[in-house]
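Novice: Heads up: the sequence shown runs through residues 3 to 427, numbered per the numbering used here. Cβ atoms here follow ideal geometry from the backbone N, Cα and C, with glycine treated the same way. Pasting a structure below so you can have a look.
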Amino acid sequence: MKTHNFSPESLMMSHGYNHELSEGAVKCPIFQTSTFAFKSAEEGKAFFEIAYGLRDKGPKEELGLIYSRINNPNLEILENRLCLWDKSEDCAVFESGMSAISTVLLEFLKPGDLLVHGNPLYGGTDHFIEHFLTKIGVDVLSVHPDESEEDIIKMIEATGKSANLAMIFLETPANPTNDIVDIESYSNITNHFSTDDKQVLLAIDNTYLGPLWQHPLKFGADIIMYSATKYIGGHSDLIAGAVLGSAELMVRVKNLRTFLGNMLSPNTAWLLLRSLETLKVRMDKQTKNAQQVATFLEQHPIIEKVNYLGLLKEGTKEYNIYKKQCEAPGAMISFDIKGGEKEAFQFINNLKLFKMAVSLGSTESLVEHPNSMTHAGVDAEHKKRMNITDKLIRLSIGVENANDIIWDIEQALATVKSKLILEHV
Ligand SMILES: Cc1ncc(COP(=O)(O)O)c(C=O)c1O
Numbered sequence: 003m004k005t006h007n008f009s010p011e012s013l014m015m016s017h018g019y020n021h022e023l024s025e026g027a028v029k030c031p032i033f034q035t036s037t038f039a040f041k042s043a044e045e046g047k048a049f050f051e052i053a054y055g056l057r058d059k060g061p062k063e064e065l066g067l068i069y070s071r072i073n074n075p076n077l078e079i080l081e082n083r084l085c086l087w088d089k090s091e092d093c094a095v096f097e098s099g100m101s102a103i104s105t106v107l108l109e110f111l112k113p114g115d116l117l118v119h120g121n122p123l124y125g126g127t128d129h130f131i132e133h134f135l136t137k138i139g140v141d142v143l144s145v146h147p148d149e150s151e152e153d154i155i156k157m158i159e160a161t162g163k164s165a166n167l168a169m170i171f172l173e174t175p176a177n178p179t180n181d182i183v184d185i186e187s188y189s190n191i192t193n194h195f196s197t198d199d200k201q202v203l204l205a206i207d208n209t210y211l212g213p214l215w216q217h218p219l220k221f222g223a224d225i226i227m228y229s230a231t232k233y234i235g236g237h238s239d240l241i242a243g244a245v246l247g248s249a250e251l252m253v254r255v256k257n258l259r260t261f262l263g264n265m266l267s268p269n270t271a272w273l274l275l276r277s278l279e280t281l282k283v284r285m286d287k288q289t290k291n292a293q294q295v296a297t298f299l300e301q302h303p304i305i306e307k308v309n310y311l312g313l314l315k316e317g318t319k320e321y322n323i324y325k326k327q328c329e330a331p332g333a334m335i336s337f338d339i340k341g342g343e344k345e346a347f348q349f350i351n352n353l354k355l356f357k358m359a360v361s362l363g364s365t366e367s368l369v370e371h372p373n374s375m376t377h378a379g380v381d382a383e384h385k386k387r388m389n390i391t392d393k394l395i396r397l398s399i400g401v402e403n404a405n406d407i408i409w410d411i412e413q414a415l416a417t418v419k420s421k422l423i424l425e426h427v
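Rendered as structure tokens:
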């Protein structure tokens, strides 16, 4: 018989689950248990030796089930399935995207290290870096999408701390502006500063396009992080996070997770297993809708500028990066409305189908105002440089009928337009 490599979407219903171990249940049950019974004291001892790294695993030995803060079948099956999309060796799931991100930063950084981070970042990540990591003595250098590989190498050298560079942390495309950077070029930078004794890590928050449309490990990233609250969960009914990377790095991430106790619950892992079954169909429909919405927005007279990967102009640097590293433009759009906060709020308040809420990647379309909501806490200078202004509006496009979404946007824009006209009469 010929062998066949199934696509990840074909494996989302089965991979990693053995129904014979669960009374033949076709669907994986929720293993709602805090602890697991050992067959013998010897087995318990062997499991702990592996869990605490007291000896290497035998050739076919797996970490046995011990306690749900360390491992649990729902978490492990979810982790195995997430690995398929990004072709990663291992994965760890967390109780939120922020716990995934903060655990990575805490595990791989120590006081005196230098962290380079891109801009803009999700507001929560920005806050953790600028207000927490700096407080415990991590040095931080912030870089921007318009700076070249050579510029950034010079900037790192100019800090005088290049020997302490431990990590570059990026979001691409960035939330909320869809700014895009070349992952491979940043991987060249981490390689430039790595030595035989020290690997400088490249960590990417892939929430905006992953896990379907961008695979950072392929371009030299070492670690990927997700807010699984977004596309992966996809129904705005749970909070979760995930980290992926090599087995060697993930041992460290999982160890810190065990001691911080910020692992995902079995119940939420089960919900995510269900979400993964429809991940591809949801995301395909969302990006198809978003392309239609972006095309509509681009030609509207009271919209100044649309930030959407599907509208990048051929021949530009951004377009070339997009073509190289992304497989679809995604379902996140942001745009500048003519005017300012007043006009932006007028538009948002008049939408009927969109829900006015933060978060993204879900089945329903959402709208928010980054400057006063998700990015309210980001330094004003940074926001200005990244064009996060009071006229910027962010849309997350859902799976509704595209005509309905466009109708809603059109009628809400019409209320702004008539107000603008009245004010100028
Ligand atoms: C790009 C990005 N990363 C991380 C997070 C944080 O994830 P969570 O809310 O699941 O903690 C968010 C949340 O909005 C996000 O948009």
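By a C-beta neighbour count over all protein chains shown, 10 Å radius and 16 as the cutoff for buried, is residue 19 buried or exposed?
Specialist: Indexing the sequence shown from 1 puts residue 19 at position 17. It counts as buried.
Novice: Taking the beta strand (DSSP E) that residue 243 falls in, what are its first and last residues?
Specialist: Numbered from 1 along the sequence shown, position 241 holds the residue referred to as residue 243. First-last of the beta strand (DSSP E) with residue 243: 243 to 247.
Novice: Thinking just about the alpha-carbon of each residue, which of 52, 225, 147 and 191 is nearest to the one in residue 88?
Specialist: Working through the sequence shown from its first residue, we reach residue 88 at position 86. Closest option to residue 88, Cα to Cα, is 225.
Novice: Quick check on DSSP: helix, strand or coil for residue 369?
Specialist: Translated into positions along the sequence shown, residue 369 becomes position 367. Here residue 369 sits in strand by DSSP.
Novice: Between which two residues does the beta strand (DSSP E) containing residue 228 stretch?
Specialist: Taking the sequence shown and counting its residues from 1, the one referred to as residue 228 is at position 226. Residues 225 to 229.
Novice: Look at residue 304 and residue 339 and say whether their C-beta atoms are less than 8 Å apart.
Specialist: For the purposes of this step, residue 304 is identified with residue 302 of the sequence shown, where counting begins at 1. For the purposes of this step, residue 339 is identified with residue 337 of the sequence shown, where counting begins at 1. A contact, by the Cβ cut-off of 8 Å.
Novice: Tell me residue 171's beta-bridge partners as DSSP assigns them.
Specialist: Working through the sequence shown from its first residue, we reach residue 171 at position 169. Looking at the DSSP assignment, residue 171 forms a beta bridge with 119 and 205.
Novice: Should residue 413 go down as buried or exposed, given a rule of 16 or more other Cβ atoms within 10 Å for buried?
Specialist: Taking the sequence shown and counting its residues from 1, the one referred to as residue 413 is at position 411. The residue is exposed, with fewer than 16 neighbouring Cβ atoms inside 10 Å.
Novice: CB of residue 388 to nearest heavy atom of ligand 1: below 7 Å?
Specialist: Locating residue 388 in the sequence shown gives position 386, counting from the first residue. Flag unset: Cβ of residue 388 not near ligand 1.
Novice: Does DSSP classify residue 398 as helix, strand or coil?
Specialist: Position 396 of the sequence shown, counted from the start, is the residue given in the question as residue 398. Of the three classes helix, strand and coil, the one that applies to residue 398 here is strand, per DSSP.
Novice: Is the CB-CB distance between residue 395 and residue 407 below 8 Å?
Specialist: The count along the sequence shown starts at 1 and reaches residue 395 at position 393. The count along the sequence shown starts at 1 and reaches residue 407 at position 405. Going by C-beta atoms, residue 395 is not nearer than 8 Å to residue 407.
Novice: Would the stretch 114 to 127 and the stretch 141 to 155 be scored as touching if the rule is three or more Cβ pairs under 8 Å?
Specialist: Cβ pair count under 8 Å is three or more, so yes.
Novice: For residue 365, I'd like the list of residues in its chain whose CB is within less than 7 Å of its CB, leaving aside the five on either flank, ordered along the chain.
Specialist: In the sequence shown, residue 365 corresponds to position 363, counting from 1. Same-chain partners within the cutoff: 236, 237, 284, 400 and 401.
Novice: Under the DSSP definition of a beta bridge, which residues are partnered with residue 265?
Specialist: By 1-based counting over the sequence shown, the position of residue 265 is 263. In the DSSP output, where bridge partners are listed per residue, residue 265 has 96.
Novice: Check this for me: beta carbons of residue 280 and residue 242, under 8 Å apart or not?
Specialist: Position 278 of the sequence shown, counted from the first residue, corresponds to residue 280. Position 240 of the sequence shown, counted from the first residue, corresponds to residue 242. In this structure, residue 242 does not lie closer than 8 Å to residue 280 by Cβ.
Novice: Any heavy atom of ligand 1 inside 7 Å of the beta-carbon of residue 226?
Specialist: For the purposes of this step, residue 226 is taken as the residue at position 224 of the sequence shown. Answer for residue 226: no, Cβ out of range of ligand 1.
Novice: Could you check whether the Cβ of residue 98 sits closer than 7 Å to any heavy atom belonging to ligand 1?
Specialist: Position 96 of the sequence shown, counted from the first residue, corresponds to residue 98. Checking the Cβ of residue 98 against ligand 1 gives yes.
Novice: Beta carbon of residue 233: closer than 7 Å to some heavy atom of ligand 1?
Specialist: Position 231 of the sequence shown, counted from the first residue, corresponds to residue 233. False, no ligand heavy atom lies under 7 Å from that Cβ.
Novice: Report yes or no: do the stretch 414 to 423 and the stretch 300 to 316 share at least 3 C-beta pairs separated by less than 8 Å?
Specialist: Flag = yes, the stretch 414 to 423 and the stretch 300 to 316 touch.
Novice: Is the stretch 155 to 173 touching the stretch 194 to 210, taking contact as three or more C-beta pairs under 8 Å?
Specialist: Result yes; three or more Cβ-Cβ pairs closer than 8 Å.
Novice: Taking the alpha helix (DSSP H) that residue 195 belongs to, which residues open and close that run?
Specialist: Translated into positions along the sequence shown, residue 195 becomes position 193. From DSSP, the alpha helix (DSSP H) with residue 195 extends over 185 to 195.
Novice: Any heavy atom of ligand 1 inside 7 Å of the beta-carbon of residue 131?
Specialist: For the purposes of this step, residue 131 is identified with residue 129 of the sequence shown, where counting begins at 1. The answer is no for residue 131.
Novice: For residue 77, count neighbouring C-beta atoms within 10 Å of its own C-beta (all shown protein chains included) and say buried if the count is 16 or more, exposed if not.
Specialist: Counted from its first residue, the sequence shown places residue 77 at position 75. Residue 77 comes out buried.
Novice: From the DSSP output, in three-state form, read off residue 38 for me.
Specialist: Residue numbering aside, residue 38 sits at position 36 when the sequence shown is read from its first letter. Coil.
Novice: Could you check the C-alpha separation between residue 386 and residue 299 for me, to the nearest Å?
Specialist: Your numbering for residue 386 matches position 384 in the sequence shown. Your numbering for residue 299 matches position 297 in the sequence shown. Rounded to whole angstroms, residue 386 to residue 299 spans 23 Å at the Cα level.
Novice: Count the CB pairs spanning the stretch 245 to 260 and the stretch 343 to 351 that are closer than 8 Å, and state whether there are at least three.
Specialist: Touching, no.
Novice: Check whether the Cβ of residue 362 sits closer than 7 Å to any heavy atom of ligand 1, and report yes or no.
Specialist: Counting from 1 along the sequence shown, the entry for residue 362 is found at position 360. Yes, Cβ of residue 362 sits closer than 7 Å to a heavy atom of ligand 1.
Novice: Measure the alpha-carbon distance for residue 353 versus residue 261 and round it to whole angstroms.
Specialist: As a working note, residue 353 is residue 351 in the sequence shown. As a working note, residue 261 is residue 259 in the sequence shown. Roughly 45 Å between the two C-alpha positions.
Novice: Would residue 79 pass as a contact of residue 314 if the rule is Cβ separation under 8 Å?
Specialist: In the sequence shown, the residue the question calls residue 79 occupies position 77. In the sequence shown, the residue the question calls residue 314 occupies position 312. In this structure, residue 314 does not lie closer than 8 Å to residue 79 by Cβ.
Novice: Since I believe residue 65 is in contact with residue 53 (beta carbons under 8 Å), could you give me their beta-carbon distance rounded to a whole number of angstroms?
Specialist: Here residue 53 corresponds to residue number 51 of the sequence shown, with the count starting at 1. Here residue 65 corresponds to residue number 63 of the sequence shown, with the count starting at 1. Indeed they touch by this definition, with Cβ atoms about 6 Å apart.
Novice: Is residue 334 helix, strand or coil when you go by DSSP?
Specialist: Residue 334 sits at position 332 when you count from the first residue of the sequence shown. Looking at residue 334 - three-state DSSP - the assignment turns out to be strand.
Novice: For residue 61, is the classification buried or exposed, using 16 other Cβ atoms within 10 angstroms of its Cβ as the cut-off for buried?
Specialist: Within the sequence shown, the letter at position 59 stands for residue 61. So residue 61 counts as exposed.
Novice: List, from N- to C-terminal side, the alpha helix (DSSP H) runs of 4 residues or more that fit wholly inside the stretch 59 to 115.
Specialist: Correct list: 75 to 88 and 99 to 110.
Novice: Along the chain, which unbroken stretches of the beta strand (DSSP E) at least 3 residues long are found entirely within the stretch 266 to 353?
Specialist: Runs of the beta strand (DSSP E) inside the stretch 266 to 353: 305 to 309 and 334 to 339.
Novice: Would you kindly report the start and end of the unbroken beta strand (DSSP E) that includes residue 143?
Specialist: Within the sequence shown, residue 143 is the residue found at index 141, counting from 1. Its beta strand (DSSP E) spans residues 141 to 144.
Novice: I want to check one thing, is the minimum distance from the CB of residue 399 to the heavy atoms of ligand 1 below 7 Å?
Specialist: The residue given as residue 399 occupies position 397 in the sequence shown. Flag unset: Cβ of residue 399 not near ligand 1.
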